[in-house]
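Comments concern the structure below.
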């Protein structure tokens with residue numbers, strides 16, 4: 057569909073990409089991964105046509121549309137939310153205008169037998185079919201579903217976009233992009249401004265409704281759920297894997313080990329060659345052999361190993377001073393801004409050593425309650441901070457509080473105590489401030505770099521209650537892992553406000569959900585909470601679809617729920633029952649389609665086993681060059697089999713949806 061050919065990019069004599077080639081196919085879900093600065097965002101800009109490469113080309117067929125969501129963009133604020141989002145359908149309006157123009161021309165024509173008249177009828181027919189395909193009659197419904205899925209409520213629809221924060225306006229742009237349904241979606245950190253529920257909705261949308269997707273994200277759970285192909289950018293080259301991110305991590309480890317063995321063998325070859333040259337350089341009888349070895353040495357293409365291993369780095373922060381048994385006790389705490397009650401009657405107790413998460417949609421009061429705990433804003437009710445509690449607070453604007461006149465190293469050196477001072481360089485390196493970067497002045501750092509520096513500074517202070525408000529927004533996956541482990545090892549109390557499920561998984565043991573003006577406690581980890589939330593939402597959905605009122609209505613709802621457990625819908629939503637013959641035919645069709653899905657799954661399993669066997673041989677250092685050809689062929693066959701399975705699954709889901 058889109059072909060990247062011999063792509064090279066250079067910045068200030070530094071090669072970012074070197075002769076890169078790959079193809080974006082229909083239904084591809086590609087995760088672009090790599091270190092910060094590897095060129096992921098640059099690659100998206102080049103595909104989108106915003107930036108030109110130094111050499112090479114991007115071949116895009118004329119009938120292929122591309123939608124691009126950058127990390128930052130200029131946003132218009134002159135209309136209401138719904139008026140702004142309707143701009144996504146401007147191309148459909150253009151189709152209707154053209155159809156009206158052609159119909160008006162047809163009404164004036166009288167040359168019914170002419171070739172041009174028949175050609176005009178053909179154009180009208182084609183245009184009418186095209187409008188039917190794009191579903192113009194469904195635009196308003198799709199717009200409403202998309203906006204609600206991204207976290208807006210109906211009361212927001214007629215609000216001016218100028219009233220929304222930058223994060224919410226980015227959601228507006230994302231909604232417009234999704235509604236246009238381009239053939240290729242390019243998304244650069246799309247989850248940065250989304251809450252957990254909106255991220256899950258976006259995952260579902262991209263998996264079921266989007267065509268080809270290329271995305272950059274540091275949210276591991278998100279890219280694992282959405283993608284089926286991973287392209288790593290490393291040292292100017294790409295490594296293409298037909299698997300999601302988790303499987304890619306395993307395969308990358310094997311690739312690095314192979315590279316390391318090849319690198320070590322080459323280094324030994326180089327050392328032996330250099331030793332021969334040095335040993336016989338001045339012997340006339342060996343002059344020909346020396347010259348031959350020198351030419352051989354010059355022709356060697358040096359192997360590079362892109363290995364950044366921070367797994368050995370175990371950050372141990374200063375022990376937390378002992379606090380009282382209950383660092384935070386809230387009793388009927390509430391907060392209102394004018395007539396808007398953000399939340400009320402929040403009652404909970406956080407025990408010493410607990411690690412808890414505040415989750416919920418944006419604007420429901422998570423950061424507001426944190427500010428109440430910090431004593432920054434007034435509130436109603438009683439909020440007691442326990443004995444000897446020392447709070448370390450990371451706000452989203454924490455970077456603005458840094459002293460910009462000092463260096464990165466000195467910023468950390470001022471707060472580090474004890475043995476940790478001997479590891480400052482290692483810690484800075486783990487958070488991407490290695491080498492000369494540690495000597496930079498804070499004032500020259502980017503916003504993301506300042507955020508990471510503020511995080512390090514906070515985590516080195518001797519506190520016993522850490523409050524972290526969206527700590528992972530500017531951290532890559534490796535750094536998030538280091539931070540997560542450091543917090544798990546921290547022996548104090550932690551409150552984390554975050555939408556990053558992967559980060560919260562295994563870190564927190566209790567979740568507080570903010571929504572509808574309430575704060576609800578849920579024991580267990582983040583995925584247990586999400587599962588309970590899903591069940592609760594389905595229960596509410598069933599109740600909302602129950603017909604009738606009063607006791608008889610309740611009785612009808614109760615009986616229909618039993619059937620809904622199998623059909624997924626109440627009878628009122630499902631419409632008239634099918635006849636026995638129709639039901640049998642439907643079941644027969646579903647079984648046939650399910651068999652097709654199962655056969656595709658079996659083929660995928662077989663090909664995965666075949667590919668795994670080949671990769672095991674390669675990892676074992678096999679010298680059989682034919683293995684690489686077999687590996688490429690098996691990878692291609694697996695990719696095709698996954699496409700067959702995906703199409704079969706979609707057909708099955710669509711048939712079930714239509715026939716319900």
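Numbering (our numbering), first residue to last: 57 to 716.
Where a beta carbon is used, it is the ideal one built from N, C-alpha and C, also for glycine.
Beta-bridge pairing of residue i - partner residues as DSSP gives them
{"i": "residue 61", "result": "113"}
{"i": "residue 525", "result": "553"}
{"i": "residue 574", "result": "571"}
{"i": "residue 465", "result": "For residue 465, which the question treats as bridged, DSSP gives no partner whatsoever."}
{"i": "residue 397", "result": "392"}
{"i": "residue 66", "result": "71"}
{"i": "residue 216", "result": "136"}
{"i": "residue 295", "result": "288"}
{"i": "residue 448", "result": "522"}
{"i": "residue 404", "result": "386"}
{"i": "residue 173", "result": "Answer by DSSP bridge pairing: none, since residue 173 is not bridged."}
{"i": "residue 268", "result": "240"}
Cα-Cα separation between residue i and residue j, rounded to whole angstroms
{"i": "residue 280", "j": "residue 252", "result": "15 Å"}
{"i": "residue 484", "j": "residue 490", "result": "6 Å"}
{"i": "residue 19", "j": "residue 292", "result": "Because the chain is modelled from 57 through 716, residue 19 falls outside the range shown and cannot be assessed."}
{"i": "residue 260", "j": "residue 234", "result": "12 Å"}
{"i": "residue 98", "j": "residue 188", "result": "37 Å"}
{"i": "residue 120", "j": "residue 198", "result": "22 Å"}
{"i": "residue 195", "j": "residue 513", "result": "49 Å"}
{"i": "residue 545", "j": "residue 584", "result": "22 Å"}
{"i": "residue 326", "j": "residue 318", "result": "12 Å"}
{"i": "residue 356", "j": "residue 322", "result": "9 Å"}
{"i": "residue 179", "j": "residue 147", "result": "17 Å"}
{"i": "residue 217", "j": "residue 144", "result": "15 Å"}
{"i": "residue 296", "j": "residue 266", "result": "21 Å"}
{"i": "residue 401", "j": "residue 428", "result": "14 Å"}
{"i": "residue 163", "j": "residue 139", "result": "33 Å"}
{"i": "residue 579", "j": "residue 151", "result": "53 Å"}
{"i": "residue 607", "j": "residue 212", "result": "At residue 607, the pLDDT of 42 sits below 50, so the modelled position is not reliable and the matter cannot be decided from this model."}
{"i": "residue 708", "j": "residue 82", "result": "19 Å"}
{"i": "residue 111", "j": "residue 683", "result": "32 Å"}
{"i": "residue 668", "j": "residue 378", "result": "51 Å"}
{"i": "residue 461", "j": "residue 688", "result": "54 Å"}
{"i": "residue 665", "j": "residue 65", "result": "38 Å"}
{"i": "residue 642", "j": "residue 359", "result": "59 Å"}
{"i": "residue 652", "j": "residue 644", "result": "13 Å"}
{"i": "residue 482", "j": "residue 348", "result": "44 Å"}
{"i": "residue 324", "j": "residue 345", "result": "19 Å"}
Whole-angstrom C-beta distance between residue j and residue i, which should lie under 8 Å
{"i": "residue 57", "j": "residue 80", "result": "6 Å"}
{"i": "residue 298", "j": "residue 694", "result": "6 Å"}
{"i": "residue 238", "j": "residue 125", "result": "That belief does not hold up - the Cβ atoms of residue 238 and residue 125 are roughly 11 Å apart, past 8 Å."}
{"i": "residue 374", "j": "residue 527", "result": "Not confirmed; about 18 Å, so no contact."}
{"i": "residue 269", "j": "residue 282", "result": "7 Å"}
{"i": "residue 392", "j": "residue 403", "result": "About 17 Å; that fails the 8 Å criterion."}
{"i": "residue 524", "j": "residue 552", "result": "5 Å"}
{"i": "residue 84", "j": "residue 236", "result": "Their Cβ separation, rounded to whole angstroms, is 19 Å, which puts residue 84 and residue 236 out of contact at 8 Å."}
{"i": "residue 464", "j": "residue 493", "result": "7 Å"}
{"i": "residue 380", "j": "residue 435", "result": "That belief does not hold up - the Cβ atoms of residue 380 and residue 435 are roughly 21 Å apart, past 8 Å."}
{"i": "residue 242", "j": "residue 123", "result": "7 Å"}
{"i": "residue 458", "j": "residue 542", "result": "Going by Cβ atoms, the distance from residue 458 to residue 542 rounds to 20 Å, so no, they are not a contact pair."}
{"i": "residue 488", "j": "residue 438", "result": "43 Å between Cβ atoms; not a contact."}
{"i": "residue 137", "j": "residue 215", "result": "6 Å"}
Near the ligand COA: residue i beta-carbon under 6 Å from a heavy atom
{"i": "residue 586", "result": "Because no ligand of any kind appears in the structure shown, any question about the ligand COA cannot be addressed here."}
Cβ pair residue i, residue j closer than 7 Å
{"i": "residue 658", "j": "residue 701", "result": "no"}
{"i": "residue 89", "j": "residue 313", "result": "no"}
{"i": "residue 254", "j": "residue 176", "result": "no"}
{"i": "residue 61", "j": "residue 75", "result": "no"}
{"i": "residue 448", "j": "residue 383", "result": "no"}
{"i": "residue 568", "j": "residue 577", "result": "yes"}
{"i": "residue 697", "j": "residue 660", "result": "yes"}
{"i": "residue 516", "j": "residue 471", "result": "yes"}
{"i": "residue 275", "j": "residue 556", "result": "yes"}
{"i": "residue 426", "j": "residue 521", "result": "no"}
{"i": "residue 244", "j": "residue 127", "result": "yes"}
{"i": "residue 141", "j": "residue 277", "result": "no"}
request  = Decide yes or no for the touch test of the region 506 to 520 against the region 445 to 459: beta carbon pairs closer than 8 Å, at least 3 of them.
outcome  = Verdict: yes, contact present.
query = At a cut of 8 Å, does the region 573 to 585 reach the region 392 to 405 through at least three beta carbon pairs?
reply = Segments in contact, yes.
ask   = Can we say the region 325 to 343 touches the region 301 to 310, given the rule of at least three CB pairs closer than 8 Å?
value = The region 325 to 343, when compared against the region 301 to 310, does not touch it at the 8 Å Cβ threshold.
inquiry  = I'd like to know if the region 556 to 567 and the region 408 to 427 are in contact, where contact means that at least 3 CB-CB pairs between them fall below 8 Å.
reply    = Because the criterion of three Cβ pairs below 8 Å is met, the region 556 to 567 and the region 408 to 427 touch.
query = Should the region 177 to 186 be called in touch with the region 100 to 113, which here means at least 3 C-beta pairs below 8 Å?
reply = Touching, no, given that fewer than three Cβ pairs across the two stretches are closer than 8 Å.
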